[in-house]
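Structure first, commentary second.
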Amino acid sequence: MSFSTLGLAPGIQQAVQETGYTDPTPIQAAAIPPILAGRDLTGIAQTGTGKTAAFTLPILTRMVSEPAARGTRTLVLAPTRELAAQIIENVREYGKHLGIRSAAIFGGVGEKPQIDALRSGTPIIVACPGRLLDLMNRGCADFSNLKYLVLDEADRMLDMGFLPDIRRIVAKLPRERQTLLFSATLSREIETLSRDFLRDPETVEIGKRSNPAATVEQVFCEVQKARKPALLSRLLEDPAMSMVLVFTRTKHGADRIVRQLDREGIRTAALHANRSQNQRQRALADFKNGAVRVLVATDIAARGIDVDGISHVVNLDFPPQVEDYVHRIGRTGRAEAAGHAISFISGEDRDAVRALERATGKVMPRMLPEGFDPGDTREEGPPPAQRQQRGGRSGQASRPPRGGGYEQRGPQGGRGGSGGSGGRASQPSRAPSPRSEGPRSEGPRSEGPRSEGPRSEGFRSSEGGGSGAGEERSTLRGRRSRRF
């Protein structure tokens, strides 16, 4: 199937061709026809599969085929500033031959241009719920002619506490409209949201909910928490790690890593909620154009980042939720390219690691750079909020061998398994991404697991089968090392 067979407007087809894309991704091929037919739709697909174009292209086609009308006709709600900016960039890229105006509404920047855009009836508005609701309450917006509503990254908006704001916004919109909901996960909450806001929707689900793209090679590094910064520096000695996205749990943790890497002469930038909008846009632009090699981000700030060519994603702090893990590593291995995800795991992560490996049915290979001392993770427990009484005694952590190469750790004297699953990640959408307005949380969330992908210089998938989803023994204890 090609874009030319989907019934898109000629000007949109031309714009898509000019970006170099010829074939739609699975979510686009499945979602575009029912949207063009006027159906409400719930679209579920992994990060990096082209969900933005899946709703942008058909909505633009419908708008250009309708008689000219005054006022805003399309409203897209997104959780973060970065994602809102990315969507606007896509709207303008695909609609550049149509002459349809668009504007973004989010906090962190002056509101006067945004008020002007709303009052003038800009046809397409992409907004974060917090700022938009504030301006609506002040009488700055008129959505009486609205025809299309999109809830993008709906799972993240729920995580961030936006549901009350979303309900207030939707209550002020015309009931006769087409509503589209896109999410990386299909939870009970998303199903409830779909029932509340959509009418007889078609549901399109692409790929397994708990599996990342098959092109991403995944490796775990067991390391004492205090040794994580040193391990990151050691890994960055590898020139193959040319464009690296590092995830930390906190904003202050991100700043500490940036200062450390700057001292080591590694060009680094931070992306988190304490940075101004201009600083965030500059950091993202510098990362995209190669001015910085490493971008250190928190989950919320990085939500929706769509940057081509990210060679490695590093989870300096392991995400507590399976869904967050999948969202994070989905930033690499896009468009069927090879990608690499390296996760640092310490004693406090054992529950999250166990949950991930159960969800995926795979035990990830454990590796460390040759000669690196990971410290002792045996006595490290979960964070205070998660700490529970535990019995038993952990086994002795293994030390890396001396000599060339990397050390690989397998489960309980065995070998970590690798499996393959996940869908295609080519996508006709590229753009910067934004951040959210209201309730914020720096914590993560994501969908799950591992697939066998290309091999990198420093890390290779483990050989042999891994343990299944029913594995009960600790994923961090009693490992035996082997070299290759």
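Residue numbering for the sequence shown follows my numbering, starting at 357 and increasing by one per position.
Here a beta-carbon is modelled for each residue, glycine too, at the ideal position from N, C-alpha and C.
{"Asked": "Rounded to a whole number of angstroms, what is the C-alpha to C-alpha distance between Ser817 and Thr398?", "Found": "Because the pLDDT of Ser817 is 35, which lies under 50, any placement of that residue in the model is unreliable, and the number read from its coordinates should be weighed accordingly. Ser817 and Thr398: Cα-Cα distance of roughly 35 Å."}
{"Asked": "Taking the beta carbon of Gln580 as the centre, do at least 16 other beta carbons fall within 10 Å, making it buried, or is it exposed?", "Found": "buried"}
{"Asked": "Assuming contact is defined by CB atoms lying nearer than 7 Å, are Phe674 and Asp705 in contact in what I supplied?", "Found": "yes"}
{"Asked": "For Ala409, which of Arg684, Ile443, Glu561 has the nearest alpha-carbon?", "Found": "Ile443"}
{"Asked": "Spell out the partners DSSP gives Leu536 in its beta bridges.", "Found": "Leu397, Val506"}
{"Asked": "Give the DSSP-derived three-state secondary structure of His696 in the structure shown.", "Found": "strand"}
{"Asked": "Below 8 Å CB to CB, which residues in the same chain sit around Leu491 once its five sequence neighbours on both sides are set aside?", "Found": "Ile461, Glu467, Gln470, Ile471, Leu474, Ala497"}
{"Asked": "Quick check: what's the CA-CA separation for Leu537 versus Arg437?", "Found": "18 Å"}
{"Asked": "Assign His683 to one of three DSSP states: helix, strand, or coil.", "Found": "helix"}
{"Asked": "Just the C-alpha distance for Leu554 and Gly731, rounded to the nearest angstrom, thanks.", "Found": "52 Å"}
{"Asked": "DSSP state of Leu362, grouped into three classes?", "Found": "coil"}
{"Asked": "From Gly363 to Ala393, what distance separates their C-alpha atoms?", "Found": "10 Å"}
{"Asked": "What residue range is occupied by the uninterrupted alpha helix (DSSP H) comprising Ala459?", "Found": "Here Ala459 belongs to no alpha helix (DSSP H); instead the beta strand (DSSP E) covers 458-461."}
{"Asked": "If Val602 and Leu588 are in contact, beta carbons under 8 Å, what's the gap, nearest whole angstrom?", "Found": "7 Å"}
{"Asked": "Enumerate, from N- to C-terminal direction, the unbroken alpha helix (DSSP H) stretches of 4 or more residues contained entirely within the segment 594-621.", "Found": "607-619"}
{"Asked": "Take the Cβ of Glu578 as the centre, count every other Cβ of all protein chains shown within 10 Å, and call the residue buried at 16 or more, exposed below.", "Found": "buried"}
{"Asked": "Mark Ser550 as exposed unless 16 or more other C-beta atoms lie within 10 angstroms of its C-beta, in which case mark it buried.", "Found": "buried"}
{"Asked": "DSSP state of Phe576, grouped into three classes?", "Found": "strand"}
{"Asked": "Using a 10 Å radius around the Cβ and a threshold of 16 neighbouring Cβ atoms, would you call Ser667 buried or exposed?", "Found": "buried"}
{"Asked": "If you draw a straight line from the alpha carbon of Ile480 to that of Asp618, how long is it in whole angstroms?", "Found": "41 Å"}
{"Asked": "Tell me which residue opens and which closes the alpha helix (DSSP H) that Asn671 is part of.", "Found": "Per DSSP, Asn671 belongs to no alpha helix (DSSP H); it is in the beta strand (DSSP E), 668-671."}
{"Asked": "Nearest to Arg631 by alpha carbon, out of Phe411, Ile656, Leu542?", "Found": "Ile656"}
{"Asked": "Excluding sequence positions up to five away, which residues of its chain have a Cβ less than 8 Å from the Cβ of Ile368?", "Found": "Leu413, Leu416, Thr417, Val420, Tyr450, Gly451, His453, Leu454"}
{"Asked": "With a threshold of 16 other CB atoms inside 10 Å of the CB of Phe623, please say whether the residue is buried or exposed.", "Found": "It is worth fixing the name first, because residue 623 is Arg in this sequence and not Phe. When all chains shown are included, Arg623 counts as exposed."}
{"Asked": "Enumerate in chain order the residues of its own chain whose CB-to-CB distance from Met597 is below 7 Å, with the five nearest sequence positions on each side excluded.", "Found": "Leu591, Ser667, His668"}
{"Asked": "Using the C-alpha atoms, what's the distance from Val678 back to Arg711?", "Found": "One point to set straight first is that residue 711 is Ala, not Arg, in the sequence displayed. Ala711 and Val678: Cα-Cα distance of roughly 7 Å."}
{"Asked": "Please give me, in chain order, every unbroken run of the alpha helix (DSSP H) with length at least 4 that falls completely inside the segment 417-473.", "Found": "437-450"}
{"Asked": "On the DSSP bridge assignment, give the partners of Ile701 in chain order.", "Found": "Glu578"}
{"Asked": "From Ile613, Asp729, Thr403, Glu374, pick the residue whose C-alpha is nearest to that of Thr688; which is it?", "Found": "Thr403"}
{"Asked": "How big is the Cα-Cα spacing for Leu505 and Thr405?", "Found": "21 Å"}
{"Asked": "Can you tell me whether Met513 is helix, strand or coil according to DSSP?", "Found": "helix"}
{"Asked": "Classify Gln574 as buried or exposed, calling it buried when 16 or more other Cβ atoms lie within 10 Å of its own Cβ.", "Found": "buried"}
{"Asked": "Going by other Cβ atoms of all chains shown within 10 Å of its Cβ, with 16 needed for buried, is Pro485 buried or exposed?", "Found": "buried"}
{"Asked": "Use the C-beta contact count for Asp664: other C-beta atoms within 10 angstroms, 16 or more gives buried, fewer gives exposed.", "Found": "exposed"}
{"Asked": "Say yes only if the C-beta of Asp662 is nearer than 6 Å to one or more non-hydrogen atoms of the ligand ZN, and no if none qualify.", "Found": "This structure simply doesn't include the ligand ZN, nor any ligand for that matter."}
{"Asked": "What do you get for Lys528, buried or exposed, if any count of 16 or more other CB atoms within 10 angstroms of its CB means buried?", "Found": "exposed"}
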